[in-house]
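Asks:
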Ligand code: PMP
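Residue numbers (my numbering): 6 to 417.
What follows is the structure, encoded as structure tokens:
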């Protein structure tokens with residue numbers, strides 16, 4: 006993009022996303038549910054469509070032209086993701102169904118080495134995807150799941166973490182950005198703290214991947230995962246980054262085609278990673294769509310994306326602060342993209358429904374973080390989440406609609 010005019014840039018970005026033109030209940034859609042999933046730009050849709058029409062076949066098995074072509078495109082997508090994350094090689098990237106499956110893979114494969122009394126640590130702000138798989142493997146192995154507390158603002162208590170880490174700590178798994186609170190965890194610091202006691206680290210980057218650069222080698226992280234659908238890519242695909250020696254030391258967690266070296270009726274030897282962890286026909290078109298999403302993000306560049314999102318998030322704060330009787334949930338000093346709130350005594354669900362009738366998509370409920378809601382004694386929250394295709398006008402309209410919602414609910 007040659008221009009530096011913010012309005013021209015905005016117009017150009019929005020043209021890439023046809024879904025932004027939708028009308029809902031007869032009103033122009035204002036989509037503020039980006040933390041749940043983002044819309045897809047035309048280059049991603051085109052990449053999947055042209056793959057299905059021009060290059061479609063199954064991967065890794067055929068000698069025929071199309072199968073070779075499909076394999077090349079699939080592996081090219083892996084290489085794009087590796088470069089996007091600054092991973093040493095493509096083989097560090099395992100394609101999964103999404104972030105949830107990536108965490109389950111680590112829990113069910115790496116996690117088999119846990120012994121009774123070993124400890125797994127997660128923070129109190131984790132999505133169920135980074136909690137339940139650890140509960141399951143801890144129960145299987147007799148390991149102990151420990152919850153690192155967060156403060157009232159929604160920030161991980163680093164002193165508590167320091168005091169909890171000990172030689173029995175085998176895994177620290179945490180989100181880089183909370184989907185409920187928008188809080189940023191100090192990823193580098195937390196990794197260093199864990200490493201000091203020899204603890205392996207998994208970073209759930211589901212909420213971070215669309216909003217800024219991630220460099221796995223510089224972070225010195227062991228595992229990192231995300232879903233493509235939150236970064237303008239397709240559903241049904243995500244990745245697990247794993248340090249080479251760790252992936253090589255892990256047993257497969259699902260068996261079938263593609264993950265084997267040699268099969269006998271009684272015994273099987275397994276393929277090297279990443280194929281060891283990709284049993285069955287993979288989501289080929291989705292992987293190619295993910296590769297296109299990486300290209301798309303890079304075509305705009307982090308500077309434009311991050312500048313816009315920062316300004317939009319600040320404006321969201323101004324808008325929300327101007328609404329009487331609105332209580333923000335999550336006030337971490339370092340936070341971005343998502344903001345949870347409550348409107349007076351109104352139930353979040355009622356607020357969500359009324360906003361929907363005005364064309365605004367926000368998320369309401371527990372956001373797959375029930376323990377966090379219980380801890381703070383909340384019925385759930387309303388969550389607005391922005392990304393770089395949102396506009397300042399949309400946020401102003403959210404403000405007007407929240408005032409209207411208050412009047413309709415008799416709270417204003
Ligand atoms: N972790 C976080 C922080 C998330 O926000 C989400 C999705 N809301 C997930 C994990 C799970 O992602 P998915 O459902 O795409 O597997």
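All residues carry an ideal CB built from backbone N, CA and C; glycine is no exception. Treat the numbers as computed from the prediction; the structure is a model and nothing was measured.
Report yes if the C-beta of residue 304 is less than 7 Å from at least one heavy atom of ligand 1; otherwise report no.
Replies: Mapped onto the chain shown, residue 304 falls at position 299. Checking every heavy atom of ligand 1 against the Cβ of residue 304, none is found closer than 7 Å.
Asks: Which residue marks the beginning of the beta strand (DSSP E) containing residue 209, and which one marks its end?
Replies: What you label residue 209 is simply residue 204 of the chain shown in a count that begins at 1. Run containing residue 209: 205-209, per the beta strand (DSSP E) assignment.
Asks: Would you kindly report the start and end of the unbroken beta strand (DSSP E) that includes residue 246?
Replies: Within the chain shown, numbered from 1, the residue matching residue 246 stands at position 241. Per DSSP, residue 246 belongs to the beta strand (DSSP E) from 243-247.
Asks: Within the same chain, show all residues whose beta-carbon is closer than 6 Å to that of residue 407, passing over the 5 residues directly before and after it, in chain order.
Replies: Taking the chain shown and counting its residues from 1, one reaches residue 407 at position 402. Excluding sequence neighbours, residue 407 sits near 328.
Asks: Quick one: Cα of residue 99 to Cα of residue 363, how far?
Replies: Working through the chain shown from its first residue, we reach residue 99 at position 94. Working through the chain shown from its first residue, we reach residue 363 at position 358. Each residue's alpha carbon lies about 42 Å from the other.
Asks: Do you know whose CA, among 280, 225 and 255, lies nearest residue 194's CA?
Replies: Mapped onto the chain shown, residue 194 falls at position 189. For residue 194, the nearest C-alpha among the options comes from 225.
Asks: Quick one: measure Cβ to Cβ for residue 25 and residue 36, integer angstroms, because I've assumed they're closer than 8 Å.
Replies: Here the question's residue 25 lines up with position 20 in the chain shown. Here the question's residue 36 lines up with position 31 in the chain shown. Confirmed, Cβ separation roughly 7 Å.
Asks: Using a strict less-than 5 Å threshold between each residue's beta carbon and the heavy atoms of ligand 1, what residues do you get?
Replies: One residue list follows from the rule of a beta carbon closer than 5 Å to any heavy atom of ligand 1, given in chain order as 103, 104, 105, 132, 134, 180, 184, 209, 211, 212 and 232.
Asks: What residue does the beta strand (DSSP E) around residue 174 start on, and which one ends it?
Replies: Stepping through the chain shown from its first residue, residue 174 is reached at position 169. From DSSP, the beta strand (DSSP E) with residue 174 extends over 174-180.
Asks: Within 10 Å of its beta-carbon, does residue 158 have 16 or more other beta-carbons around it, so buried, or fewer, so exposed?
Replies: In the chain shown, counting from the first residue as 1, residue 158 sits at position 153. It counts as exposed.
Asks: Is residue 191 helix, strand or coil by DSSP?
Replies: Position 186 of the chain shown, counting from 1, holds the residue named residue 191. Coil.
Asks: Do residue 128 and residue 149 have their CB atoms nearer than 8 Å?
Replies: Along the chain shown, one-based indexing puts residue 128 at 123. Along the chain shown, one-based indexing puts residue 149 at 144. Contact flag unset, no.
Asks: Return the residue from the list 166, 205, 215 and 294 that minimises the CA-CA distance to residue 191.
Replies: Reading the chain shown from its first residue, position 186 is the one you call residue 191. For residue 191, the nearest C-alpha among the options comes from 166.
Asks: Which of the three DSSP states is assigned to residue 332 in this structure?
Replies: Sequence index remark: in the chain shown, residue 332 carries index 327 (1-based). Here DSSP, grouped into helix, strand and coil, assigns residue 332 to strand.
Asks: Could you say if the segment 293-311 and the segment 61-69 meet the contact criterion of at least three C-beta pairs nearer than 8 Å?
Replies: no
Asks: Do residue 97 and residue 270 count as a contact pair if the criterion is CB distance below 8 Å?
Replies: By 1-based counting over the chain shown, the position of residue 270 is 265. By 1-based counting over the chain shown, the position of residue 97 is 92. No. Outside cutoff.
Asks: Would you check if the distance between the CB atom of residue 107 and the CB atom of residue 243 is smaller than 8 Å?
Replies: Looking up residue 107 in the chain shown gives position 102. Looking up residue 243 in the chain shown gives position 238. Yes, Cβ-Cβ distance for residue 107 and residue 243 is below 8 Å.
Asks: Kindly list the residues whose CB is nearer than 7 Å to the CB of residue 256, restricted to its own chain and excluding five residues on each side of it in sequence; keep chain order.
Replies: By one-based count along the chain shown, residue 256 stands at place 251. Hits under 7 Å: 114 and 117.
Asks: What is the residue span of the alpha helix (DSSP H) that residue 107 lies within?
Replies: Sequence index remark: in the chain shown, residue 107 carries index 102 (1-based). From DSSP, the alpha helix (DSSP H) with residue 107 extends over 104-114.
Asks: Going residue by residue through the segment 49-111, where are the continuous alpha helix (DSSP H) segments of at least 4 residues, counting only ones entirely within it?
Replies: 70-90
Asks: Which class does residue 1 belong to by DSSP, given the choice of helix, strand or coil?
Replies: Here the chain comprises residues numbered 6 to 417, so residue 1 is not present and cannot be evaluated.
Asks: Going by DSSP, which residues form a beta bridge with residue 228?
Replies: For the purposes of this step, residue 228 is taken as residue 223 along the chain shown, with counting starting at 1. Here residue 228 is bridged, per DSSP, to 207 and 247.
Asks: Ignore the nearest five residues each way along the sequence and tell me which others in residue 341's own chain have a CB closer than 8 Å to its CB.
Replies: Start at 1 with the first residue of the chain shown, and residue 341 comes out as number 336. Taken in chain order, the residues that qualify are 182, 187, 189, 216, 314, 315 and 318.
Asks: For residue 60, which residues in the same chain have their Cβ closer than 8 Å to its Cβ, ignoring the five residues on either side in sequence?
Replies: On the chain shown, residue 60 is found 55 positions in, with the first residue counted as 1. Only 71, 74, 75 and 78 meet the Cβ criterion.
Asks: Beta carbon of residue 306, beta carbon of residue 220: below 8 Å?
Replies: Taking the chain shown and counting its residues from 1, one reaches residue 306 at position 301. Taking the chain shown and counting its residues from 1, one reaches residue 220 at position 215. Cβ distance not < 8 Å, so residue 306 and residue 220 don't count as in contact.
Asks: Helix or strand or just coil, what does DSSP make of residue 124?
Replies: The residue you call residue 124 lines up with position 119 of the chain shown. Three-state result, residue 124: strand.
Asks: Express the C-alpha separation of residue 131 and residue 376 in angstroms, rounding to a whole number.
Replies: Locating residue 376 in the chain shown gives position 371, counting from the first residue. Locating residue 131 in the chain shown gives position 126, counting from the first residue. The straight-line gap from Cα to Cα measures roughly 9 Å.
Asks: Sorted by chain position, which residues of the same chain lie with C-beta nearer than 6 Å to residue 178's C-beta, five sequence neighbours on each side aside?
Replies: Numbered from 1 along the chain shown, position 173 holds the residue referred to as residue 178. Non-local C-beta neighbours of residue 178 in its own chain, meaning closer than 6 Å and more than five positions away in sequence, comprise 127, 135 and 207, ordered along the chain.
Asks: Please report the distance separating the alpha-carbon of residue 45 from that of residue 240.
Replies: Position 40 of the chain shown, counted from the start, is the residue given in the question as residue 45. Position 235 of the chain shown, counted from the start, is the residue given in the question as residue 240. Their backbone Cα atoms lie some 10 Å apart in a straight line.
Asks: Taking residue 141 as the reference, which of 122, 112, 153 and 169 has the closest Cα?
Replies: In the chain shown, counting from the first residue as 1, residue 141 sits at position 136. Ranking the options by Cα distance to residue 141, first place goes to 112.
Asks: Among residues of its own chain, excluding the 5 on either side of residue 321, which ones have a beta-carbon nearer than 7 Å to its beta-carbon?
Replies: In the chain shown, counting from the first residue as 1, residue 321 sits at position 316. Hits under 7 Å: 344, 389, 391 and 400.
Asks: May I ask you to report which of helix, strand or coil DSSP gives residue 303?
Replies: Within the chain shown, residue 303 is the residue found at index 298, counting from 1. It is helical.
Asks: Quick one, are the C-beta atoms of residue 172 and residue 125 less than 8 Å apart?
Replies: Counting from one through the chain shown, the residue named residue 172 turns up at place 167. Counting from one through the chain shown, the residue named residue 125 turns up at place 120. No, they are not a contact pair.
Asks: Rounded to whole angstroms, what's the CA-CA distance from residue 93 to residue 87? Just pull it up for me.
Replies: Locating residue 93 in the chain shown gives position 88, counting from the first residue. Locating residue 87 in the chain shown gives position 82, counting from the first residue. Rounded to the nearest angstrom, the two C-alpha atoms are 7 Å apart.
Asks: When you compare only the Cα positions, how much space is there between residue 227 and residue 200?
Replies: By one-based count along the chain shown, residue 227 stands at place 222. By one-based count along the chain shown, residue 200 stands at place 195. The alpha-carbon atoms of residue 227 and residue 200 are separated by roughly 10 Å.
Asks: Can you tell me whether residue 23 is buried or exposed, with buried defined as 16 or more other CB within 10 angstroms of its CB?
Replies: The residue given as residue 23 occupies position 18 in the chain shown. Exposed, by the Cβ-count rule.
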